[in-house]
Amino acid sequence: MKTVYSIFLSPSRHHFSPLRFHSEAAAALEYHNQHHPLSNPNSIAPNAYQEKTIISLTKSCTHKSHLLLIQTHLLRNFHFYNPTIFLSFLSRCALPPLHDLSYSHKIFSQFPAPNVSLYNTMIRAYSLSNDVAKKGVLLYQEMLRSGISPNALTSMFATKCCIKFGSLFSGLQIHARILKDGHQSDSLLLTTLMDFYSSMEKGREAHKVFDEISLRDTVAWNVLISCYMRNGRTRDALGLFDAMRNSNECQPDEVTCLLVLQACAGLNALEFGEQVHNYIEERGFHNMMNVCNSLIAMYSRCGCVEKAYDVFRGMVNRDVVTWSAMISGLASNGYGRDAIEAFEEMQRAGLVPDDQTFTGVLSACSHSGLVDEGRIFFEAMKRDFGVVPNIHHYGCMVDILGRAGLLEEAYDLVSSMRIKPDAAMWRTLLGACRIHRHLALGERVIEHLIEMKAQEAGDYVLLLNIYSSVGNWEKVIEVRKLMKDKGIQTTPASSTVELKGQVHEFVADDVSHPQKKKIYETLEEINQQLRIAGYVVEITSDLHNVEDKSKQSAPSYHSEKLAIAFGVLATPPGTTIRVAKDLRICVDCHNFAKILSAVYNRKVVIRDRNRFHHFEEGRCSCNDYW
DNA sequence: TTAGGGTTAG
Numbered sequence: 001m002k003t004v005y006s007i008f009l010s011p012s013r014h015h016f017s018p019l020r021f022h023s024e025a026a027a028a029l030e031y032h033n034q035h036h037p038l039s040n041p042n043s044i045a046p047n048a049y050q051e052k053t054i055i056s057l058t059k060s061c062t063h064k065s066h067l068l069l070i071q072t073h074l075l076r077n078f079h080f081y082n083p084t085i086f087l088s089f090l091s092r093c094a095l096p097p098l099h100d101l102s103y104s105h106k107i108f109s110q111f112p113a114p115n116v117s118l119y120n121t122m123i124r125a126y127s128l129s130n131d132v133a134k135k136g137v138l139l140y141q142e143m144l145r146s147g148i149s150p151n152a153l154t155s156m157f158a159t160k161c162c163i164k165f166g167s168l169f170s171g172l173q174i175h176a177r178i179l180k181d182g183h184q185s186d187s188l189l190l191t192t193l194m195d196f197y198s199s200m201e202k203g204r205e206a207h208k209v210f211d212e213i214s215l216r217d218t219v220a221w222n223v224l225i226s227c228y229m230r231n232g233r234t235r236d237a238l239g240l241f242d243a244m245r246n247s248n249e250c251q252p253d254e255v256t257c258l259l260v261l262q263a264c265a266g267l268n269a270l271e272f273g274e275q276v277h278n279y280i281e282e283r284g285f286h287n288m289m290n291v292c293n294s295l296i297a298m299y300s301r302c303g304c305v306e307k308a309y310d311v312f313r314g315m316v317n318r319d320v321v322t323w324s325a326m327i328s329g330l331a332s333n334g335y336g337r338d339a340i341e342a343f344e345e346m347q348r349a350g351l352v353p354d355d356q357t358f359t360g361v362l363s364a365c366s367h368s369g370l371v372d373e374g375r376i377f378f379e380a381m382k383r384d385f386g387v388v389p390n391i392h393h394y395g396c397m398v399d400i401l402g403r404a405g406l407l408e409e410a411y412d413l414v415s416s417m418r419i420k421p422d423a424a425m426w427r428t429l430l431g432a433c434r435i436h437r438h439l440a441l442g443e444r445v446i447e448h449l450i451e452m453k454a455q456e457a458g459d460y461v462l463l464l465n466i467y468s469s470v471g472n473w474e475k476v477i478e479v480r481k482l483m484k485d486k487g488i489q490t491t492p493a494s495s496t497v498e499l500k501g502q503v504h505e506f507v508a509d510d511v512s513h514p515q516k517k518k519i520y521e522t523l524e525e526i527n528q529q530l531r532i533a534g535y536v537v538e539i540t541s542d543l544h545n546v547e548d549k550s551k552q553s554a555p556s557y558h559s560e561k562l563a564i565a566f567g568v569l570a571t572p573p574g575t576t577i578r579v580a581k582d583l584r585i586c587v588d589c590h591n592f593a594k595i596l597s598a599v600y601n602r603k604v605v606i607r608d609r610n611r612f613h614h615f616e617e618g619r620c621s622c623n624d625y626w
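As numbered in full-length UniProt numbering, residues 1 to 626 make up the first sequence, in order.
Right, here's the structure in full:
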């Protein structure tokens, strides 16, 4: 025994060839089956010393060839199909770092009568990768058919397979089986089940499961928060952070903070984000790299790049995520040159940029109109860093070229892409056509959008703007009629503004806010003041006139104007007003904010679908390049 | 002690 196994103890002394050992293992398997046709796992139990040695050797294996060597000897000694030893072998082989699924499946299928532990190991291995998760579900079903009762872990691994595979029906079957087997008091299993419903966009079901958990710990709460965020209830996710802090069940941990910071970034909820930042400091999470990276992203996406930079400077260690977040933050806030400098500094610090770093760098070029630089980075990305361009990279390039007036080149780039262009890509090009009044290409682009059935009211409005800017009134009327005939509704755009950690949301002509009367009065007053300063309403981009021209007698207000008016009303003079808008800001609202920043001496920061607009003293950071 | 738990950063 000693001489046989001593070889494993210092495997580095031997020259291993995986192929050779693979064939040796196959030969040994054949030998085993020929000489031991009964293959009864219980009849070939090794003694305790052998078992211990084998298992510890198996555990120490880091390379498949070592494992195959062990298998060869196990087969020769008729120990391979011993359930205990086989389980140890299978988990080594099936799970990371080895994670050899095809080989694991092969030996698993040769095992005479697999027990629940073996099934669990195999299903768990399948649950770890996207492309084979389906096999995990099938194996679970096969297990049920062969009459083996699943335990809580089986159900959990199988549920994870359903999440990865995206199968609602199989997941529901597992839930039913959990109830049948009486595993509904296992809180860890229920947490996975919540995550399953969450991933299937069944928020209510997920919440129901949450309510049924008797001991809800931080992870259960975190899954609920992530569920809210995935299912369009981002504002309620913030509420859960407070609920957690006030509850005596458990307290937010660093994962809660990561999730909530994401929510703040999405909602432009700077004050709430600052509260989370304070909590992070209190709890000592500020030493964690992932938490700091999230803080950088949150501050950047709330238009507060200075604070993002404070966090960045305070970090002892920075990784590629840190730098990418900072680069993107600088880029989207209008500091294109600084973003590029940061990119160069990052490389001097010895970090290798990845695909998302380049998304930030290219967006810096697009936001700052750096055409040549953009081209150079795009080529270098492919050539020097081996990054295959994705839809975001192409989107930036189309934006760069389009804004520079190189419309045909941008169109050719879209046409030559290996990946299918999405609606956002065509919309970027359409925006460029509007800027440069390129009618023919604009018409071509909207055809693409119509073809993919992705056209929105805003797209027709861009087309309308092109027609009206070149004075083609016949076409303007035609498109308006087309929109009316097709019953195209204007997208209910919304703007949010945060006050004392509370997010207020407005749509156009909103009358749902409790302070609506005061808001409209304030807006009237602002309009008067701005008119004195030379503000004129620009109606070409007004969506409401598209629908019905006769309604012009009653003034119509875009959501961002209401949000700004609320900001003027509810905050003391001098306070920065921060608005987030889900669509692109229009020319009129852009002018409105610009003049307001001078007349009212207020900084206004508007984050729209594409970028930030920092208005100050009658100017905008985007150089009127909207 | 033979194998195993759930959430998560740009």
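Every residue gets a Cβ at the ideal spot worked out from N, C-alpha and C, and that includes glycine.
The model shown is predicted, which means the values in this text are computed figures rather than measured ones.
Look up I88 in the DSSP assignment and give the residues it is bridged to. The identity of residue 88 in the sequence shown is Ser, whereas the question assumes Ile. Its beta-bridge partners do not exist; DSSP assigns none.
For V568, is the beta carbon positioned less than 6 Å from some heavy atom of the ligand MN? Although the ligand MN was asked about, the structure shown includes no ligands whatsoever.
Within 8 Å, do at least three Cβ pairs link the segment 315-335 to the segment 285-296? Enough Cβ pairs lie closer than 8 Å, so yes.
Which value, in whole angstroms, describes the spacing of the CA atoms of Y119 and T154? 8 Å
Use the C-beta contact count for E521: other C-beta atoms within 10 angstroms, 16 or more gives buried, fewer gives exposed. exposed
DSSP state of T575 mapped onto helix, strand, coil: coil
State the Cα-Cα distance for the pair L330 and E408, rounded to the nearest angstrom. So the two alpha carbons sit approximately 29 Å from each other.
In three-state DSSP terms, what is F111? Collapsing the DSSP output to three states places F111 in coil.
Between the C-alpha atoms of Y299 and A308, what's the straight-line distance to the nearest angstrom? 5 Å
Does the segment 117-135 come close enough to the segment 156-175 to have 3 or more Cβ pairs within less than 8 Å? yes
Identify the continuous alpha helix (DSSP H) that holds I327 and give its terminal residues. V320 to S332
Buried or exposed for K481, please, with buried defined as at least 16 other CB atoms from any protein chain shown within 10 angstroms of its CB. exposed
Pairwise C-alpha distance: I148 and N42: At N42, the pLDDT of 46 sits below 50, so the modelled position is not reliable; the number obtained from the coordinates is stated separately. Roughly 18 Å between the two C-alpha positions.
With H, G and I counted as helix, E and B as strand and the rest as coil, what does DSSP make of K307? helix
Let me check understanding here. Comparing Cα to Cα, which of R418, G405 and S88 lies closest to H393? R418
What's the C-alpha gap between C304 and S88? 53 Å
Range of the contiguous alpha helix (DSSP H) that encloses L98: Here L98 belongs to no alpha helix (DSSP H), and DSSP marks it neither H nor E.
Please name the residue in C433, V388 and P389 whose C-alpha comes closest to that of A410. C433
State the DSSP-derived secondary structure class of H392, mapped to helix, strand or coil. helix
Chain-order list of residues whose beta-carbon lies under 6 Å from that of A404 (same chain, five-residue window excluded): V371
Among R602, C227, I107 and L406, which one has its Cα closest to the Cα of G618? The shortest Cα separation from G618 among R602, C227, I107 and L406 belongs to R602.
Please work out which residues of its chain come closer than 7 Å, Cβ to Cβ, to I123, disregarding the five sequence neighbours upstream and downstream, and give them in chain order. G136, L139, Y140, T154, F157, A158 and C161
Which residues share a DSSP beta bridge with E616? In DSSP, E616 forms a bridge with R619.
Beta-carbon contacts of S214 that lie in its chain and below 8 Å, excluding the five residues immediately before and after: S185 and S187
CA-CA distance, N222 and T256? 6 Å
In three-state terms, what does DSSP make of A349? coil
Which runs of the alpha helix (DSSP H) fall wholly inside the segment 252-304 and span at least 4 residues, in chain order? 254-267, 270-283 and 289-301
Where do the N-terminal and C-terminal ends of the beta strand (DSSP E) with R230 fall, by residue? Unbroken run through R230 is the alpha helix (DSSP H), T218 to R230; no beta strand (DSSP E).
Could you tell me which of C93, I340 and G395 sits nearest to A125, measuring between CA atoms? Residue nearest to A125 within the set C93, I340 and G395 is C93 (criterion: CA-CA distance).
How big is the Cα-Cα spacing for E274 and Q502? If you take the alpha carbons of E274 and Q502, they lie about 13 Å apart.
With a 10 Å radius around its C-beta and 16 neighbouring C-beta atoms as the bar for buried, classify K453 as buried or exposed. exposed
Could you tell me how far apart the beta carbons of E498 and R578 are, in whole angstroms, since I believe they sit closer than 8 Å? 7 Å
If you draw a straight line from the C-alpha of D548 to the C-alpha of K518, how long is it? Only weak support is given to the placement of D548: the predicted model assigns it a pLDDT of 45, under 50, and the question is left unresolved by the model.
For the beta strand (DSSP E) containing H504, name the first residue and the last one. Q502 to V507
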